[in-house]
Amino acid sequence: EAAVTQSPRNKVAVTGGKVTLSCNQTNNHNNMYWYRQDTGHGLRLIHYSYGAGSTEKGDIPDGYKASRPSQENFSLILELATPSQTSVYFCASGAGTGGPNYAEQFFGPGTRLTVL
Amino acid sequence: AQSVTQPDARVTVSEGASLQLRCKYSYSATPYLFWYVQYPRQGLQLLLKYYSGDPVVQGVNSFEAEFSKSNSSFHLQKASVHWSDSAVYFCALSGTSGGNYKPTFGKGTSLVVHP
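In order, the protein sequence lines correspond to chains G and W. Letter by letter, the first sequence follows residues 9 to 124 in my numbering. Letter by letter, the second sequence follows residues 134 to 248 in my numbering.
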């Protein structure tokens with residue numbers, strides 16, 4: 009069974025609309041992350057979380073909000089979607105506890121978002 | 134600020150040849166270092182990781198990487214590549230001190246293996 013799942017897998021949105029991308033993990037990990045992947049930029053961190061109720065800004069948080077209502081779920085919200093947010097979005101989880109394995113991440117399959 | 138640089142956007146090799154994918158990092162101490170692989174239309178998967186100790190680490194599918202503190206590098210190597218190794222490879226680091234455990238990824242290197 010896949011431990012990190014994302015929904016939807018594909019999404020077409022209109023400019024100015026609200027988009028919510030969802031991520032669920034069954035690893036019982038503390039940390040969760042949202043990235044976007046674009047040609048020439050690699051993987052860039054948008055938001056991350058250390059546990060339920062916490063969210064932290066990553067390197068490119070502008071235009072995005074995040075929500076972590078539970079250990080298992082982490083959402084990325086685009087309140088007013090723009091064409092520049094067309095991208096592939098990846099969610100990941102990581103143990104985040106003490107010990108050397110905290111930093112390893114487990115990735116979901118990605119969501120392809122197109123904003124027209 | 135921490136950073137990861139993968140100087141080669143694309144590497145092309147013939148099947149059976151040896152491979153080195155380069156990774157340079159910038160961090161104030163010794164970070165945790167990773168190599169991930171991404172096959173087409175999939176998420177990233179961990180190849181190998183370095184936390185401390187022996188600078189040469191072994192990973193899945195006969196990949197290995199060597200950590201060099203003096204060169205701030207973590208290059209990925211394989212003695213003999215197979216066409217199925219064609220994928221995008223990402224080098225990444227995570228901070229280890231000062232409450233900063235934020236991950237940073239390089240831009241990736243696309244590996245093309247010709248049969």
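Glycine included, each C-beta is placed from N, C-alpha and C at the ideal position.
The beta-bridge partner set that DSSP reports for residue 32(G) consists of 13(G), 81(G). If you check the CB distance, residue 244(W) and residue 137(W) do not come in under 8 Å. Residue 114(G) holds the alpha-carbon nearest to the alpha-carbon of residue 169(W) among 122(G), 114(G), 123(G), 30(G). Residue-level contact check: residue 53(G) touches chain W, since one or more beta carbons of chain W fall below 8 Å from its beta carbon.
According to the DSSP assignment, residue 72(G) belongs to no beta strand (DSSP E), since it is labelled neither H nor E. The segment 47-61 of chain G and the segment 20-29 of chain G do not touch, with fewer than three beta-carbon pairs separated by less than 8 Å.
With distances taken between CA atoms, residue 117(G) lies nearest to 98(G) out of 111(G), 98(G), 103(G). With respect to chain G, the C-beta atom of residue 234(W) has a partner C-beta closer than 8 Å.
Look at residue 182(W): its C-beta is under 8 Å from a C-beta on chain G. Taking a beta-carbon distance threshold of 8 Å, residue 240(W) counts as an interface residue toward chain G.
Ranked by Cα distance from residue 34(G), the first of 86(G), 78(G), 44(G) is 78(G). Interface with chain G (8 Å Cβ-Cβ cutoff): residue 227(W) is included. DSSP links residue 247(W) through a beta bridge to 147(W). Selection 67(G), 47(G), 31(G) evaluated against residue 40(G) yields 31(G) as nearest (Cα-Cα). A distance of 8 Å or more separates the beta carbons of residue 183(W) and residue 209(W). A Cβ of chain W is located within less than 8 Å of the beta carbon of residue 115(G). Per DSSP, residue 196(W) lies in no beta strand (DSSP E) segment and is marked neither H nor E. DSSP, read as helix, strand or coil, puts residue 43(G) in strand. In the displayed model, residue 91(G) falls within a helix according to three-state DSSP. In this structure, residue 85(G) sits away from residue 100(G), with a CB-CB distance that is not shorter than 8 Å. Counting only the Cα atoms, residue 96(G) lies some 6 Å from residue 121(G). In this structure residue 87(G) is exposed. Its beta-carbon is surrounded by fewer than 16 other beta-carbon atoms within 10 angstroms.
Taking every protein chain shown into account, the CB of residue 83(G) has 16 or more other CB atoms within 10 angstroms, so this residue is buried. DSSP, reduced to helix, strand and coil, places residue 142(W) outside both helices and strands of the structure shown, so it counts as coil.
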